[in-house]
Amino acid sequence: MWPLVFTAPEDNSLFGFSVALHQEGTRHMLLVGAPHSRASDGDDIEREGGFYKCDIDDMRYTEPCDVVELDSERGQPVNDRGHQIGDKSNSFLGATVRSAGPDGPVLVCAPSYVWYIVGAQRPDDQSTSREPVGRCFIAQNNFTQIEKYEPCLQPNDKSTWYESKLTHCQAGTGGDISSRHVLVGGPGSFYWQGQIFRQDVNQQELPQHTWEGPLTFDDSYRGYTVLMADLNDDGELDNLVGTPRAPNMFGEVSVYDHNLVSIYNRSGHQLGEYFGNSLAATDLNGDGKNDLIVGAPMYTDEEQRTTNYEIGRIYIFYQLYANGESRLSRKKTIVGRHGRSRFGFSLTALGDINKDGFNDLAVGAPYDGDGAVYIFSGGRRGIVSTPVQVVRPSQLGITGHPLSGFGFSLSGERDIDENSYTDLAVGAHTSSHAVVLRARPVIAVTPSITFSVENIDLEKPNFNLTNNVQVPGFEIRTCIQYSGKGVTSNLPFQFHLSLDAVKTVSSRAFITFANGTSFREISWKDTLSKDEPYCYSFKAYVEKVIRDKLSPVVFQFSYGIEEDQIALMDGELLPILGNANTFVTEQLVLLKNCSNERCLPDLRVGINHELDQVIVGKTEMLFVDVDFQNNGDEAFEARLHARIPNGVSYIRAESKSSDLLVDCQDTVDISGNANIACDVGNPVPSKHTIPFRLQFEISLDDKESEHLHIHFHANSSNIDDDSTIADNTVNASIPIMVLYDLSFYGYANPAQLVYNTNDSIPDNVTSEADVGKEVIHFYIFQNQGPSDIGRSVLKVQWPMYTVEKDYLLYLTSVTPSKGECTFEEDVNPEKLKLLEIFVNVSRDEAARQGNDRVSREIKEKLPTPQPLMMIDCDTGKCVEISCEFDTLGGNEQPFVLSIRSRLWLKTLLQSVEEGQPASDWVITSRATLEVKGSAYTLANDLPGIFMENATTTALPESELSFYKTPFPWWAYLLAALIGFTVLSCLIMTAWRCGFFKRKKIGDETKLAE
């Protein structure tokens, strides 16, 4: 569409609030209402509104619009005594502008026109009331004959008129006019129930009108919009009336016949959507009957209320003829695209603008950005839901005229440039503009593709390439012809032919030329003559070795007009292609060795493997032997797919036949799942089996299920029949196990120590060195896997005190290799100064200590042992140390708990000070370890509870004097002599037996003789 832009003589006049295309004789014009215009203002009139006539004499540019003076009485209306009886100020003149067609009457309304009523309540009442009765003007004979039309005004009988409840009628809010009748809506009558008035254009007949309804109908706004159209197929114009607030705010559209007898009603489906705000009627499906289109611009998408508030929608009711009468049925809705756009605020029929035999429709969305107009095509099944065009101000190439509110009003079905295509007028009231969009001539194109063969036989090459390779060849013939109304006799076109168009990468078909060059697509240009066919032929071939042997080869022939090469006269519009698609496609099928046209394979996949179980944390190899079998027709592009779970990696595929190569590729789908796809054959012949082996590596770090599943599926580009597809799928299911190798032990360092009964202890102990010798107990928990264990808790009962509450193993530090520990009592409660000593136990040392730890048995000593003090949690007082760590992995460094302490010497010497002999002290700590949780999603049976202890023996120094006696020197000499004598006797005995005698050459001969 080509724009002609008309601008208001003044700003903020709402120029474009209503528009209508009109024709008087041979002159075309645009009629525009501007309800806030001051063009007709006088000394006592302010912002009456205005009505403009914009002549369209030149299609290249526009001229200023002229104000049409409708009221011959200048100034405010007065009675015969000179008293003002009405008010034209702010009357909203131009709110409604309608044309009855070429040389027909024009309706212009001012719905806010006010009439003064004196003595309305009773004859002696001299008070004055202002009543917005509204009024209209009917202009005929090229605006030379203008009559007022005031259906709500009855000045001869004031009291009766006041009681008739028409005082707030606001006639002209909705209005329409035909060559014979005028239809006006007054939504304010009867306490805003509203009513409609119908009368002949010349007002010579008595007016017809609707009556007051029940109280529940108050505030419904009947007559807010009106339209005259034949909706019962009787040849008479019916009266369509929008009532956007009834019933109960759902909105309603009523259809009355020419006698204002109600035919039927249609209601909206959402509260407050303002169903009936706009109306249009046209034949959208080509059945010869008008269909009804209703706008509901306040519709809100309830599922996306925040973004699609007031998105708007339209209803389409198709007229059907059944049981001898017409009725509206088969409702369809089309919803807007943007929130707050109020799609459906305005509607107009366009006629058949694309010459496809079906009428089209324009829908306004004035708040879709700066506004938009959606163009919808009709069709045999009715309106096409997707717009064929969306017109926005930014697309019109208009400079210096920023449009807004574009689409607030619409008018169509008039051909202003007489090119056989109807045009469209659009009002943009917010910026005070009106635009006429001229329809471009539509070109109807008939394209075609034909071939010299019916199909392609890969086994019968019939064409030699320049390199002497034989391939299947054929001829392609493209033809095209154009026609259309108002279209020039010659037009430049551009063409494009694409072979194997569906394939985006590897084409199977090529065009070839005599010089040996080949192309998968080609473009060219030429000039065509109207209504004459144009054809062009090419030589083409298909490669003999191709992967896809099933799908047909698609050929696409596309075309377009070279617009920059068309010479236009002044004001002439560029033609446009009317076809929805500017291309045509045809295909050639490849011959296949199949029993029928469907070419049904019968695939079956079988698998075998020898892996009995999978252990979490252990890496294992899985070998799967696959038998890929086809018992049906040839299977093209046959593949085996495997869906691989987490923890499984594809390694390689091994073919079991020397003449067969199975190629597998690993991929990742959009969900992040690993898959492999193996090309098995193209095709896999009928009654054929292909064996091969797949190798996978399994390394699980979690147990999410009881079994590991690998899903195998066989398919091909030609699909199995539903009855045979079940065996295309098979699963490998392997149990998942968790395996631990756990060990827990404790040891003491030192296991034995000596204390001196003669040592003295300072009275003021400040350092741990003053207390006694250091004693360390280690508890080691090791997991040699391969699986991990979960949360574990180690509790140690530590012999801190004797039963008399005297310190024994005074706790100085507790160090876990991982996790955290809590204590029943404070470590180092006396706040002694601690020495900087670090304890670290490696894996190897832990193992060695575990195997060679010192026995907890008290070794026999000579002489007779001293008194024995056995101290543990039963004979002493222990404190609890509790440590917790989350996991311990298989083959991870062991968990080591180091407990440092000092042997409180003062407690050991108390008995000596009391005159008793020194005692042997055997001091034992006890540990319990429990695995509380699993390291995996799916828990297994937990290992249980482990118990261990560590013991330190403290001996008085006097006990060890026996072991300190020196060994006599003669004992060493005697032992050496005895050993020498025994060795000499053994040597002599061996010599006498001939052990050292060597055989000579020839002895074997003598022996034989």
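Residue numbering for the sequence shown follows the UniProt record's numbering, beginning at 1 and increasing consecutively. Backbone N, C-alpha and C define an ideal beta-carbon position, used for all residues, glycine too. Note that this is a predicted model, so its numbers are computed, not measured.
7 angstroms Cβ cutoff met for residue i and residue j
i, j, result
"alanine 638", "valine 584", "no"
"proline 111", "phenylalanine 137", "no"
"glycine 790", "glycine 889", "no"
"serine 377", "aspartate 352", "no"
"leucine 260", "leucine 240", "no"
"phenylalanine 345", "lysine 331", "no"
"leucine 550", "proline 3", "no"
"asparagine 675", "leucine 591", "no"
"valine 730", "valine 605", "yes"
"aspartate 58", "methionine 29", "no"
Chain-order list of residues whose beta-carbon lies under 6 angstroms from that of residue i (same chain, five-residue window excluded)
i, result
"glycine 473", "Asn462, Phe463, Tyr541"
"valine 390", "Ala372, Tyr374"
"valine 19", "Val32, Ser409, Ser411, Ala425, Gly427, Ala434"
"isoleucine 511", "Phe519, Ile522, Phe538, Ala540"
"valine 68", "Phe51, Lys53, Phe143"
"glutamate 338", "At residue 338 the sequence reads histidine, which differs from the glutamate that was named. Excluding positions up to five away in sequence, the list reads Asp368."
"aspartate 625", "Asn608, Arg693"
"glutamate 150", "Arg135"
"alanine 139", "Val106, Ile146"
Environment of residue i [buried if 16+ CB atoms lie within 10 Å]
i, result
"valine 469", "exposed"
"leucine 938", "exposed"
"aspartate 43", "exposed"
"valine 505", "exposed"
"valine 184", "buried"
"alanine 975", "exposed"
"cysteine 535", "exposed"
"serine 394", "exposed"
"tyrosine 972", "exposed"
"tryptophan 921", "buried"
"phenylalanine 995", "exposed"
Contact set for residue i: own chain, Cβ-Cβ below 8 angstroms, skip 5 residues either direction
i, result
"asparagine 715", "Leu603, Ala638, Arg639, His641, Asn728"
"aspartate 701", "Val616, Gly617, Gly647"
"aspartate 219", "Tyr191, Trp192, Gln193, Arg245"
"threonine 802", "Leu808, Ile871, Gly876, Lys877, Thr907"
Own chain residues within Cβ distance below 7 angstroms of residue i, not counting five before or after
i, result
"tyrosine 274", "Pro244, Gly251, Ala296, Pro297, Met298"
"asparagine 581", "none"
"alanine 847", "The predicted model places alanine 847 with a pLDDT of 43, which falls under 50 and marks its position as unreliable; any figure quoted below should be read in that light. Taken in chain order, the list of residues that qualify is empty."
Separation of residue j from residue i, as counted between CA atoms
i, j, result
"alanine 677", "isoleucine 736", "25 angstroms"
"leucine 31", "histidine 22", "7 angstroms"
"proline 762", "aspartate 770", "7 angstroms"
"glycine 16", "valine 255", "28 angstroms"
"glycine 516", "asparagine 467", "8 angstroms"
"methionine 988", "glycine 979", "15 angstroms"
"aspartate 66", "asparagine 90", "20 angstroms"
"tyrosine 61", "arginine 440", "17 angstroms"
"leucine 868", "asparagine 764", "29 angstroms"
"valine 839", "threonine 667", "Only weak support exists for where valine 839 lies, its pLDDT of 48 falling under 50; the value from the coordinates is given anyway. Taking the straight line joining both Cα atoms gives about 50 angstroms."
"glycine 25", "glutamate 205", "28 angstroms"
"tyrosine 482", "aspartate 370", "37 angstroms"
"leucine 271", "glutamine 304", "16 angstroms"
"leucine 753", "threonine 953", "6 angstroms"
"histidine 401", "valine 114", "35 angstroms"
"threonine 7", "isoleucine 670", "55 angstroms"
"tyrosine 779", "proline 799", "15 angstroms"
"aspartate 41", "asparagine 79", "20 angstroms"
"alanine 751", "leucine 955", "11 angstroms"
Assumed close pair residue i, residue j - CB separation to whole angstroms, cut-off 8 angstroms
i, j, result
"cysteine 109", "valine 133", "About 12 angstroms separates the two Cβ atoms, so there is no contact after all."
"histidine 480", "leucine 528", "As written in the sequence, residue 480 is isoleucine, which differs from the histidine given in the question. Contact holds; Cβ gap of about 7 angstroms."
"valine 487", "isoleucine 443", "6 angstroms"
"arginine 900", "glutamate 774", "7 angstroms"
"glycine 242", "threonine 225", "4 angstroms"
"glycine 312", "arginine 342", "5 angstroms"
Within-7 angstroms CB hit, residue i to chain C
i, result
"glycine 268", "In the structure shown, chain C cannot be found, because there is only a single protein chain."
Residue i beta carbon near the ligand MN (any heavy atom closer than 6 angstroms)
i, result
"serine 671", "This structure does not include the ligand MN; it has no bound ligands of any sort."
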